[in-house]
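Novice: Okay, here's the structure, questions in a sec.
Chains as they are written, first to last, in the numbering used here: chain Z, 2 to 376; chain S, 2 to 376; chain F, 2 to 376; chain U, 2 to 376.
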C-alpha cells in the first residue's frame, strides 16, 4: 500500500478536522495513496507534541520550517492562523512540495496572486479547503444548474451566518487581526462566494457593505484590557455574474442563533434550488411544469445516488457529518496527487475568490460599484 | 348599530379581499361602525354590476366619479390598478371623504407626496393596504424588537418573492405598465420595505439593483403580438437604517416555486426574530443567554395572546388566513374612523415607503448609493 | 336574494366560529341561499342577548325550544355542550327542520343511532361539523388516494394532539363530564377518525387504550374543591380497515406544546401523503418512480387549483385560516339545503365515527380486540 | 500506545460502518486502547480477502471459527446476517473473548437469553450495536427526561420507518428469512424499542399488530422465481411502561419516501421532547411555564455542550454523520473494555429488547394483550 507523508501545520479547529479526514479517507474510499500522518508543527514543541499525540501524528516540531524540510513530508497541510498561510505555503512551494491550505488563502488578493504565481512557476499542486464545495448536496446543486434542469440561472441569494462573535465580550482572536486579512467577509464570506462561483460562475462586479458591530473587545477572556477591532462583523454585497445573472451575498459572525447558516437559493428560469447547511443533507428543488395542484418544492435527502455518499453508507437519509465532507475533500486531493483529476479549488481559484472578498472591501470603503478585475 | 357606507373602486384580487374583510370585520371584532357595502365601481356598468352582486355591494356604477359623489359613500376604498390610485384618491380627498387605498400609493414618490399634501391639507383620514403589517406575527416581531428582547437591532434581511411572472409567456398586465409605476420593486418590494420600516425604522440610504428578466411579453394570453417590458422583475438593495442598523431587501416575481415568500430576519445584539409568510402563523425567536446545551430558536405559533387573534379563535395554533389579516386591517381602519387610534400606515407613511422604492430605482439607474431624502 | 334563517344554539368557541362562517359563506362563494342570522339561544336570556349582539344575530332567547319553534328558523345549528346535542337535534328533527350539529354527535353510538333513525324517518337533512374534512389539503389527500396516485393504501398513522388540559389545575369543564360522552377520544379522536374514514374508508376492528392522566381537577378556576375525572386524557388504537389496510389512531389533550397537531400519514404501495394541521395549508407527497438522486417528498402549498381555495384568494400560498375551513363547510351545507349535492358527513356518518369511538372505549375497558359492528 | 485486536465477521452495510468507526474512534476520542484491525472473516476466502483490503484489515479468512481462535483477535465483532449472530457469539464467549454484536441479538428472546446466560457465566463483556442510542440528541432526550425538565413522562410515541422494501419486486434477502428471526419488527422495530426503554424505561405489556404487505418476492434480482415471505413488513403496538406511562411503537420497511424516520415524541406533564433521525442533529423541546405569547418548541442543534460532539467539532450546528454515531458507540465499547464504565446496551439489555419484539409477535398472532414477562 503506497503512502503519502503528511506534514500538518496547526492543530486548532481545522487542524483537528483535517486529521480526522486524513485518517479516514483511505479507509472510506480505497485511495491510491494512503495518508501517513508523519509530522505535526505548532507554535512550540510542547503544544506540537501534545497535538501530535491527540491527532495521531508520528512526530512533532515547534518549527514549521523543519516540517517543510523533513523528507518524510510529501504534502504540506496548512491550518495555522490566516496570517501564516502565505509564508508557509511559499516555503513549501519553494521546496517543491504540494500544498493543502485552509481558506482564506491570503490576507488579500495581491498576496494570494503571489502564491498562485509561485505555485504555477514551480508546477506544484495546490488545494484550498473550501470544504462545503465537497458537500454532495452542493455538488448536486451544481449538477442541477449545469444540466439545465432549472433553466438559465436568473439569480443567486446566499449567506453564511454564524454567531460565534455575538457576545461583545468574546475576546480578540487571530480572526480579528487585520494583519491576517479581513473579517467575516473573508472568514465566512469566502465560503458563500466559493459556492456562488462553483454553482453559477464568475462574479464580474459588485457593490459591498461592511459593518463592525463590536468595535472593542477584551484582549483575552475575562480581561478588562480592550483592543480595537478593525475588521468587519457583517458583510454583504449585490453582485453581477459573468452570465448576466445577479444576486446577493452576505456574511455575519454575529447572527444570534445561527450556528451554520450557509444557505443559498439559485433561481432559474425553470426552477429553483435551495440548500442550507444547518440541514446540509437536504436539497430543495422546484421545477416548473409540474401538474396543476401538484406543484411544490421537493426535499431531496442525500443518498447513495449522490456524489461520494455511498462509500460512507449504502442507505439514503442516514446523513453525512461535517468531518465526512472534509474526508471527501481529502479523497479528491489524494486522487489528484496520485495523478487523477486535478483538485479544485486550487490556489488560482482561491485567488479568484479572494478577489471577490477584496472587491467587497474596496467597494464598501469607496461606497461604489467595483469591477472584480480592478482588484 | 351605526354604519359607515363603503364605496369600493375595483373588484380584482384585492377588491375581492377587501370585500371579504369589510363584510367580516364588524362580526369578528364588534366595531363601533359597521361597514355597509353601498356602492362598487368598475371599468364599466356591466363589470361593476356583476362584481357588486358577487361581492355583496348594494349598488354599482361604471363611473368612479359618481361613486365619490354618492352621498351614501362615506369611505372611498381604492383597489383599482395602480395607475388610478392617484386621481381617485385626490378626487375623494377633494370631496372630503376618507380614503382607503391599496399599495403602492402612487407611481412615484413625487406623486405620492402630492397625495399626502392634499390629504393633510383637507384633514382627510387615509389608510394604505400594507396588510402584512397587520399579521399578528409581524406585530409580535415589532413588539419583540421594541421591547429590547433581542437587544439592539444590528441588521435586517428581508425578501418578498413570488413566481407569478416566471413564465416568459405570461402576458403583459397593468402590473408591468410603467405608467403605473415601477415593477416588482413597487408591487412586492413595497411590502418588505413597509415591514423593514415598521420593525426597524426609517431607511436613510441604499444602493439598489434592478433586473428585467423577460424583456418582451405577449400583449394578451395566447397572442404572438409582443410588448416590451420596461419594469423590473427582480430588485434588491443594501440599506442603512437611521438607527445605524444595516441590511438587505429583495423582491422578485420570477422566483420559481415561491408562492408567498415574504420573509425577514431581524438580528439583534441579544437575539434574532424570523418570520416567513409561507407559514405566516409562526415566528421564530432566538435569544442569547439560554442555558448551555439548551440553546435554540423557538417556534411560536400565533395564538390568543397575540394581537387580534382571539377574536377569530380562542385556541392557539388554529391559524389565521390571508383574508383574516385584511380583516384586522379593516378593524384598525374602522376604529380610526370612529375616533380611535389613528390608522397606520397612512398616506404619509406610504409616501415614505415609496421614497425607498424610488431610491432603489434611482440608485440602480445611476449605479451609486443614494440618500432616501434625495427622492 | 333568497335567504335561509339560522337558529344557533350555543355561543362558545364553536358557536363563534359558526357565526363567522355563516356570515362569510355567501359572500365568498355566491351561494343559492344567503344565511340570515335570525335567532341565537344560550343558557339564559342575558347570555343569549349579549352573544346575539356580538355574533350578529337579530334576536336571542334563553330557551332553545323557542328557537326550534320559531318560524324564522329554517336551520337549527347546534354548538351547545355535547350533552345537549341529542335533545336539541331530536326536537329540531321532530319539527322537521334540518340540523347542523357540532361533533361529537352524541355521548355514545346508541344515542347517535337514535338520532340517525329519527332524522331518516323524518327525511330531515343533517350535517355534522367535522370541519377538517373541508380543509382543501385533506380533500386533496383523499383525491390523491382515490385516484391511485400512491397506489393501494397500506397503512394510516394519525393523531390529534393538543395541550389545553395539560395543566393539572385546569378546571373541570363540560368536556370532562362523562354524561356528555367520552373524553379526548370523542373530542379530538373523532376528528382523526373522521379523516381516517374519509381518506381510507371504514374501520372494521381495533384494539384501544385509554388513559386518564389527571384524575381530579378543581371544580372551577382557582378553587380547591376538586371533582373526580372519569374520562380519558389520552387515547390510542390499532386499527384494521375494511380494505385490509392497517394503522394507528391517537388522541391527546395533554400533549404539551401541541396546539393543533391533527396529523396523518397515508402510506400506499406507490407513495405517501402527509398532512399536519399545525401547517394545514401544506400537503407532503412522495411518489415512487422518481429519477435516482431526485427522489423526495414534495411540499404542496394550498392554492387556487385545490378545492374551494380560489374563492378566498386567487394566489397560491397565501393561506386559509381556521374559520375559512368552517366557511367551506357552510358552503357545502347551504348547497345541500338548496338541493345540491348531499352534505357529508351527515348524522349517519357521524354515527359511524361514534361507533369507532365507542369501540375504542369498549376495547380499552375489556382489553381485547373489538369489531366495530359489535358497538 | 496499547492496542486491542479486532476480528470482524461480516462486511456488508454494518461491517463497513463498524470498520469506519473502529478506524476513527481512537483518533477522535484519544482512547486508552487503539483498535487494531487484525482479521476479517466472511463467507469465503475471496470475499473476505477483498473486504479486508477495502476495510483496512490486516488479514482475512473464510472461516469465522478460525477468527475466534486467532490469538490476535481480542474482540469479536459480529456483523454477519442475523441467523449467524448466536453461533458466532457463543463460540466467542466460549473462547472467553468479548463480543460486539449487531442487533437484533438473536432470532428470538429464548435464544437471546441463552446468549446472555453464556456470557454472564463466562464473565465475558458484551455489546450490541443499537447505535442510535449513541446519538447525542437521543442522549439529550434521556437527560431531559431523567432530570425532570419535562416533568413525569405521560406517553411515548415512536416509529422507525424506511422504504427499502417498498418495491414488491425487491428480492428476497436474509432480512426476510424467518430463520433469522422476525421481519421489520426486529430489524427496525428493535431500534425504536431500544430508544423507548433507554428514554422512558421498561415496557410491561403490549398489544401488537403485524402485517406482511408483499407475500411473495423474487428469489433474486430480475428473477421470476418467487419465494414466500413469512415475516412482517409493518408492525405496531400499544404499550404500557413500568412507570405507568403508555404509548405506541411502530415499524415499517415499506414506508414509501421515508429514508430514516426513526422518530419519537416523549410527552411529559411539563413538556415534550421530539427527535427524528432524518434530521438527527436536532432535538425539539417544549416546556410549560413559558411566558404567554412566547410559548413554543425550541429547535436545539447538536453542539459541543452535548455528549461526545466536541471531539468531532468544536462548533455547534456543524452536524455529525451516521458513522460518527457508530464511532461514539465504539468509544463507549473500548472504554468499557479498558475498565471504564460498563457498555450499554449489553446482551442482557438486548435480550430485554428482544422480549418486547417477541411479545409483539406473540400478541399479534394471538390477538391479545401480552405481558412482556410471558416471553
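C-beta: ideal position from N, C-alpha, C; glycine also.
With the cut-off set at 9 Å, would you say residue 174 (chain U) and residue 289 (chain F) are in Cβ contact?
Specialist: Indexing the fourth chain from 1 puts residue 174 (chain U) at position 173. Indexing the third chain from 1 puts residue 289 (chain F) at position 288. The criterion of a C-beta distance shorter than 9 Å is not satisfied by residue 174 (chain U) and residue 289 (chain F).
Novice: Quick one: does residue 226 (chain F) have its CB under 9 Å from some CB of chain Z?
Specialist: Here the question's residue 226 (chain F) lines up with position 225 in the third chain. No - not a single Cβ of chain Z is within 9 Å of the one on residue 226 (chain F).
Novice: Taking the alpha carbon of residue 262 (chain U) as the reference point, which residue from Z:292, Z:242 and Z:319 has its own alpha carbon closest?
Specialist: Taking the first residue of the fourth chain as position 1, residue 262 (chain U) is located at position 261. That would be Z:319, whose Cα lies nearest to the Cα of residue 262 (chain U).
Novice: Can you check DSSP and say which residues form a bridge with residue 210 (chain F)?
Specialist: Walking along the third chain from the start, residue 210 (chain F) turns up at place 209. Beta-bridge annotation (DSSP): residue 210 (chain F) is paired with F:237.
Novice: Is there a Cβ from chain Z that is less than 9 Å from the Cβ of residue 301 (chain F)?
Specialist: Position 300 of the third chain, counted from the first residue, corresponds to residue 301 (chain F). Yes, residue 301 (chain F) counts as interfacial toward chain Z.
Novice: Check each candidate in S:330, S:169 and S:254 and name the one with the smallest Cα separation from residue 188 (chain S).
Specialist: Here residue 188 (chain S) is taken as the residue at index 187 of the second chain, counted from 1. The option with the nearest alpha carbon to residue 188 (chain S) is S:254.
Novice: Within 9 Å (strictly less), CB to CB, does residue 63 (chain U) reach chain B?
Specialist: Looking at the structure shown, chain B is missing, and the protein chains on hand are Z, S, F and U.
Novice: Do residue 211 (chain S) and residue 235 (chain S) have their beta-carbon atoms positioned less than 9 Å apart in this structure?
Specialist: Position 234 of the second chain, counted from the first residue, corresponds to residue 235 (chain S). Position 210 of the second chain, counted from the first residue, corresponds to residue 211 (chain S). Yes. Within cutoff.
Novice: Compute the Euclidean distance between the alpha carbons of residue 356 (chain Z) and residue 92 (chain Z), then round it to the nearest angstrom.
Specialist: For the purposes of this step, residue 356 (chain Z) is taken as the residue at position 355 of the first chain. For the purposes of this step, residue 92 (chain Z) is taken as the residue at position 91 of the first chain. Straight-line Cα distance between these residues: approximately 23 Å.
Novice: Here's the rule: buried if 16 or more other CB atoms are within 10 angstroms of the residue's CB, otherwise exposed. What is residue 37 (chain F)?
Specialist: Translated into the one-based positions of the third chain, residue 37 (chain F) becomes position 36. Buried.
Novice: Tell me residue 265 (chain Z)'s beta-bridge partners as DSSP assigns them.
Specialist: Counting from one through the first chain, the residue named residue 265 (chain Z) turns up at place 264. Paired residues: Z:159 and Z:276.
Novice: Using CA atoms only, rank isn't needed, just tell me which of U:113, U:104, U:32 and U:198 is closest to residue 147 (chain U).
Specialist: To locate residue 147 (chain U), count along the fourth chain from 1; it is residue 146. Taking each of U:113, U:104, U:32 and U:198 in turn and checking the Cα distance to residue 147 (chain U), the smallest one comes out for U:198.
Novice: Does the ligand GTP have even one heavy atom less than 8 Å from the beta-carbon of residue 321 (chain U)?
Specialist: The ligand GTP is absent from the structure shown, which contains no ligands of any kind.
Novice: To test your reading of the DSSP string, which unbroken alpha helix (DSSP H) runs of 4 or more residues are found completely within the segment 107-132 of chain U?
Specialist: 110-123
Novice: Among the residues of its own chain, which have a CB less than 8 Å from the CB of residue 165 (chain S), if the five just before and after it don't count?
Specialist: The residue given as residue 165 (chain S) occupies position 164 in the second chain. Closer than 8 Å at the Cβ level, and outside the excluded window around residue 165 (chain S), lie 171 and 254.
Novice: Determine, for residue 254 (chain S), whether the minimum Cβ-Cβ distance to residues of chain Z falls below 9 Å.
Specialist: Position 253 of the second chain, counted from the first residue, corresponds to residue 254 (chain S). No, its Cβ sits nowhere closer than 9 Å to a Cβ of chain Z.
Novice: Name, please, each residue of chain Z whose Cβ falls closer than 9 Å to the Cβ of residue 368 (chain S).
Specialist: As a first step, residue 368 (chain S) is located in the second chain; it is residue number 367 there, counting from the start. Going along chain Z in sequence order, the residues near residue 368 (chain S) (Cβ under 9 Å) are 208, 369 and 370.
Novice: Determine the chain U residues that contact residue 326 (chain F) at a beta-carbon separation under 7 Å, and present them in chain order.
Specialist: The residue given as residue 326 (chain F) occupies position 325 in the third chain. Correct list: empty, because the minimum Cβ distance to chain U is about 23 Å.
Novice: Evaluate residue 46 (chain Z) with the Cβ neighbour count: other Cβ atoms within 10 Å of its Cβ, from every protein chain shown; 16 or more gives buried, anything less gives exposed.
Specialist: Here residue 46 (chain Z) refers to the residue found at position 45 of the first chain. Result: exposed.
Novice: What residue range does the beta strand (DSSP E) around residue 247 (chain Z) cover?
Specialist: By one-based count along the first chain, residue 247 (chain Z) stands at place 246. Counting along the chain, the beta strand (DSSP E) containing residue 247 (chain Z) begins and ends at 247-253.
Novice: Any C-beta of chain Z within less than 8 Å: which residues of the segment 292-322 of chain U qualify?
Specialist: Against chain Z - using a Cβ distance shorter than 8 Å - the residues of the segment 292-322 of chain U are 302, 304, 313, 314, 315, 316, 317, 318, 319, 320, 321 and 322.
Novice: Please list, in chain order, the chain S residues whose beta carbon lies closer than 9 Å to that of residue 257 (chain Z).
Specialist: On the first chain, residue 257 (chain Z) is found 256 positions in, with the first residue counted as 1. Under the 9 Å cutoff, chain S gives 151, 152, 155, 268, 269, 270, 271, 272, 273, 287, 288 and 289.
Novice: For the alpha helix (DSSP H) containing residue 364 (chain F), name the first residue and the last one.
Specialist: In the third chain, the residue the question calls residue 364 (chain F) occupies position 363. Start and end: 348-367.
Novice: In the structure shown, what three-state DSSP assignment does residue 69 (chain S) receive?
Specialist: Walking along the second chain from the start, residue 69 (chain S) turns up at place 68. DSSP places residue 69 (chain S) in helix when its eight states are reduced to three.
Novice: Helix, strand or coil for residue 281 (chain F)? Go by DSSP, reduced to three states.
Specialist: To locate residue 281 (chain F), count along the third chain from 1; it is residue 280. DSSP places residue 281 (chain F) in coil when its eight states are reduced to three.
Novice: Note down, one range per segment and in chain order, each beta strand (DSSP E) of at least 3 residues found wholly within the segment 132-201 of chain S.
Specialist: 154-162
Novice: Please list the partners that residue 199 (chain F) has in chain S, where partner means a Cβ-to-Cβ separation under 7 Å.
Specialist: Translated into positions along the third chain, residue 199 (chain F) becomes position 198. Chain S residues near residue 199 (chain F): none, gap ~20 Å exceeds 7 Å.
Novice: Any beta carbon of chain U sitting closer than 9 Å to that of residue 235 (chain F)?
Specialist: Locating residue 235 (chain F) in the third chain gives position 234, counting from the first residue. Residue 235 (chain F) counts as touching chain U.
Novice: From the DSSP output, in three-state form, read off residue 46 (chain Z) for me.
Specialist: Within the first chain, the letter at position 45 stands for residue 46 (chain Z). Reduced to three states, the DSSP call for residue 46 (chain Z) is helix.
Novice: When the cut-off is 9 Å and only beta carbons count, does residue 116 (chain Z) lie next to chain U?
Specialist: For the purposes of this step, residue 116 (chain Z) is taken as the residue at position 115 of the first chain. No, no contact with chain U.
Novice: Output the boundary residues of the beta strand (DSSP E) element that contains residue 91 (chain U).
Specialist: As a working note, residue 91 (chain U) is residue 90 in the fourth chain. Premise fails: residue 91 (chain U) lies in the alpha helix (DSSP H), 86-95, not in any beta strand (DSSP E).
Novice: Nearest by alpha-carbon distance to residue 382 (chain S): which of S:215, S:131 and S:245 is it?
Specialist: For chain S, the structure presents residues 2 to 376; residue 382 (chain S) sits outside this window and is missing.
Novice: Is residue 327 (chain S) helix, strand or coil by DSSP?
Specialist: Along the second chain, read from residue 1 onward, the residue named residue 327 (chain S) stands at position 326. DSSP places residue 327 (chain S) in helix when its eight states are reduced to three.
Novice: One question on the structure: do residue 257 (chain Z) and residue 151 (chain S) come within less than 9 Å of each other, judged by their Cβ atoms?
Specialist: Taking the first chain and counting its residues from 1, one reaches residue 257 (chain Z) at position 256. Taking the second chain and counting its residues from 1, one reaches residue 151 (chain S) at position 150. It is a contact, given that the beta carbons lie within the stated cut-off.
Novice: Identify the continuous alpha helix (DSSP H) that holds residue 298 (chain F) and give its terminal residues.
Specialist: For the purposes of this step, residue 298 (chain F) is taken as residue 297 along the third chain, with counting starting at 1. That residue, residue 298 (chain F), is in no alpha helix (DSSP H); its beta strand (DSSP E) goes 298-302.
Novice: Is residue 111 (chain Z) close to chain F, meaning its C-beta is less than 9 Å from at least one C-beta of that chain?
Specialist: Position 110 of the first chain holds residue 111 (chain Z). It does not; no Cβ of chain F falls within 9 Å.
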